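Below is one structure, written out as structure tokens; the observations come after it.
Residue numbers (this note's numbering), protein chains in the order written: chain A, 61 to 517; chain B, 714 to 1089.
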């Protein structure tokens, strides 16, 4: 019913419906000038997307019956538009010209979306209709209301200074920013330049709300220029940069398509041999140490070794919110049968390799809850702190360093108990790959030696 | 439910990683996120994998931006996803309603943690069940799926995308910290095959913004910046996408948003069952707790009891037929979930008022099989 007509057959994008705005409102003027600018640029109707916000400015959609219109929610217009532009630029043909129609309310609610779009240099154009108050809801003041201005909620005059979008946009590295009056004759030129600009462009258009701004302040549009300039808000094209490239252009260069296919299978690196396990029932091991000392990696190696040995496995990691300080803990549950409940009542082995780890297992009560025949293994520096006479004390940190202590403890545990083959650990390191492969190989070899010299404190 | 595998191609994968695997398999080409524990791994993994193929992964300055970017991308015709946790979801709700009203397909992954407020970032919870389903004003049904294993994370993400496309509506994948952040063996070379479904494209000649004959029909989709002129709005609108108040066609459009989902309730219903003939008790659960519930049932049976288990993979629309069938002839029905007062139990009571539901609830830790068995 509404196929887009080619631009050559339409001297205007405006339809026959009259603008719904109050007599004298700048919104209608801007609408006409936007249309003129788009026609002058020779845009195809199908490439234009008009994204509108909430407020009187959100009534613009039906005025342009032949072009795509997206009416959004309050303040979010520029974020929805940015998403469409990014998808079009990165994944589509990049022809989209997205023009966002927003008022001063939408601009304050959506200030983060606007600043982010400017920082990213999303290729879109924002027409900020600044009439210095919220017209549709009864003339309340906004963050754009100048000091001294009267609104329905500042009856004695506003005394908070108005936000200066030029400087907000400058701080966000916007490539193009202009401040204009709706009535200025060259607004068409500026809108056309902004739409053609390859990147984020904003025009703040100063208007006076005829419903509230005019009667409450006993002024007319002619006073707008002087009022803005008196507050240091200059008019004209204030930012025009040539040194920024649109986000999608840089993105496509950095991340060219044709990489990983849709259903990429991971490198299988299937082991040559099947490893054996001697586990008759589920078993839970806890490895506890310090953040940054590869405790969770040790858990991952153990888990992968168990999987290579035909066991079912669940690994959970725990750490304080700081991530880089305090404890780090890996809880690994192994079972010859499928695992349903992933928690554990009583751990079968607790391996503690640092003071942070000791504090954490004490707090959790792991040693107290431990199975009667459980294995308790600790670095020599903290073994006494576990308060148990069955702790196996080892010079893990001294012999294997802090980074090797956790994997060393796992290796010793397996070497001594024999429920997995230590070779499965070594194979797991190869399967996992990555930067630590060489040092983990060495750690496992050294820890196997250590396993045989372990002694009780 | 197949919580583990032991093939040589098996790798340890978290639920969060498998959400991304499922998304890519479903055709997701746009992700936007803002970090929040326990969902951050989805953000990182999606970024790495999408960028590696030249697809779009865009960091957002907040959760509202993240969802709005996804909405814009989907309106451009691209399958999109974001991921968050309770506090981020709270911010997204208005934009989510906009996606529902504008019939914009997308997937929101909500990885629950302990609430309210900031709650416990690294503590599990299942407290967002109703916040997810009933975040929309007006009484609309939002499809919500809840995985309990990494494998289900993959499959249900694919299902979430498929249903969001088929229904042209936003769909929520309701995960939780324990499912999202626990690593488990997954046979990556032999993942189950799920067909890829996409929104029906509109034809120019017959296009209206909201085209349906029967109220439950799903309107064909046209992308912005495409050859068919598109009119989108989040305000009440007629079939031309124009703002209207209370005229019959507008009310039809509003009813249609619900009807298109409800009409497909039985197809949307996904459950896992382990029912025992003549069972005295049934436990109903979802997400991580359903695993403890299933184990409780197996332990109970080993001790000579007759027990049934029903795991809900689809939370909403409630798989009410499966629920009634499982509860038939059972003396006691227990709903196990990790929140204070039994949120899903409340929803079940609403759709099956003839069943007397009992709750097993807990805060701040996983419910264990013994606690469920005690209630059965």
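All C-beta atoms, glycine included, are put in the ideal place defined by N, C-alpha and C.
For clarity, every value in this text was computed on a predicted model and none was experimentally measured.
Query                                                                                                                                                                                                : Result
Rounded to the nearest angstrom, what separates residue 152 of chain A and residue 134 of chain A at their Cα positions?                                                                             : 27 Å
What does residue 934 of chain B pair with, by DSSP beta-bridge criteria?                                                                                                                            : B/914
To the nearest angstrom, how far is it from the Cα of residue 801 of chain B to the Cα of residue 808 of chain B?                                                                                    : 12 Å
Can you give me the C-alpha to C-alpha distance between residue 679 of chain B and residue 404 of chain A, rounded to a whole angstrom?                                                              : Here chain B covers residues 714 to 1089 and nothing more, so residue 679 of chain B does not appear.
Count the other CB atoms, across all protein chains shown, that sit within 10 Å of the CB of residue 940 of chain B; report buried if there are 16 or more and exposed otherwise.                    : exposed
With H, G and I counted as helix, E and B as strand and the rest as coil, what does DSSP make of residue 299 of chain A?                                                                             : strand
What first and last residue would you give for the beta strand (DSSP E) that runs through residue 392 of chain A?                                                                                    : 387 to 395
For residue 581 of chain A, which of helix, strand or coil comes out of DSSP?                                                                                                                        : Nothing about residue 581 of chain A can be read from this structure; chain A reaches only from 61 to 517.
Is the Cβ-Cβ distance between residue 444 of chain A and residue 454 of chain A less than 9 Å?                                                                                                       : no
Is it the case that the Cβ atoms of residue 1037 of chain B and residue 1068 of chain B are separated by a distance below 9 Å?                                                                       : yes
Alpha carbon to alpha carbon, what distance is there between residue 115 of chain A and residue 356 of chain A?                                                                                      : 52 Å
Would you say residue 176 of chain A reaches chain B, if we count a Cβ-Cβ gap shorter than 9 Å as a contact?                                                                                         : yes
With distances taken between CB atoms, is the gap from residue 823 of chain B to residue 752 of chain B smaller than 9 Å?                                                                            : yes
Are the C-beta of residue 717 of chain B and some C-beta of chain A separated by less than 9 Å?                                                                                                      : Bear in mind that a pLDDT of 40 at residue 717 of chain B, under 50, signals an unreliable position, so the number given afterwards is only what the model happens to contain. Closer than 9 Å to some Cβ of chain A, the Cβ of residue 717 of chain B qualifies, so yes.
Less than 6 Å between C-beta atoms, sequence neighbours within five positions excluded: which residues of the same chain meet that for residue 744 of chain B?                                       : 759, 763, 770, 794
Are residue 76 of chain A and residue 111 of chain A close, meaning C-beta to C-beta below 9 Å?                                                                                                      : no
Should residue 1075 of chain B be labelled buried (16 or more other beta-carbon atoms within 10 Å of its own) or exposed?                                                                            : buried
Kindly list the residues whose CB is nearer than 8 Å to the CB of residue 1014 of chain B, restricted to its own chain and excluding five residues on each side of it in sequence; keep chain order. : 989, 1020
Does the Cβ of residue 730 of chain B have 16 or more other Cβ atoms within 10 Å, making it buried, or fewer, making it exposed?                                                                     : buried
Who does residue 185 of chain A pair with in a DSSP beta bridge?                                                                                                                                     : A/159, A/261
Could you tell me the distance, in whole angstroms, from the CA atom of residue 206 of chain A to the CA atom of residue 176 of chain A?                                                             : 25 Å
Tell me which residues share the same chain as residue 216 of chain A and place their Cβ nearer than 7 Å to its Cβ, disregarding the 5 neighbours each side in the sequence.                         : none
What do you get for residue 950 of chain B, buried or exposed, if any count of 16 or more other CB atoms within 10 angstroms of its CB means buried?                                                 : buried
Do three or more CB pairs link the segment 166 to 180 of chain A to the segment 223 to 242 of chain A at distances below 8 Å?                                                                        : yes
Counting only C-beta atoms, is residue 181 of chain A closer than 9 Å to chain B at any point?                                                                                                       : no
Buried or exposed, going by whether 16 or more other CB atoms sit within 10 Å of the CB of residue 487 of chain A?                                                                                   : buried
In chain order, what residues of the same chain lie with their CB nearer than 6 Å to the CB of residue 943 of chain B, ignoring the 5 residues before and after it?                                  : 935, 937
In chain order, what residues of the same chain lie with their CB nearer than 6 Å to the CB of residue 208 of chain A, ignoring the 5 residues before and after it?                                  : 217
Against chain A, does residue 811 of chain B count as a neighbour if the rule is that its beta carbon must be under 9 Å from one of theirs?                                                          : yes
Measuring CA to CA, which of A/434, A/236, A/410 is closest to residue 300 of chain A?                                                                                                               : A/236
Does residue 423 of chain A get closer than 9 Å to chain B when you measure Cβ to Cβ?                                                                                                                : no
Listed from N- to C-terminal order along the chain, which residues in the segment 791 to 806 of chain B have their beta-carbon within a distance smaller than 7 Å of any beta-carbon of chain A?     : 791
For the candidate residues A/288, A/269, A/472, A/316, whose alpha-carbon lies nearest to that of residue 212 of chain A?                                                                            : A/269
Evaluate residue 512 of chain A with the Cβ neighbour count: other Cβ atoms within 10 Å of its Cβ, from every protein chain shown; 16 or more gives buried, anything less gives exposed.             : exposed
Measuring CB to CB, does residue 224 of chain A end up less than 9 Å from residue 191 of chain A?                                                                                                    : no
Between the segment 1004 to 1017 of chain B and chain A, which residues of the former have a C-beta closer than 9 Å to a C-beta of the latter?                                                       : 1004, 1005, 1006, 1007, 1008, 1009, 1011
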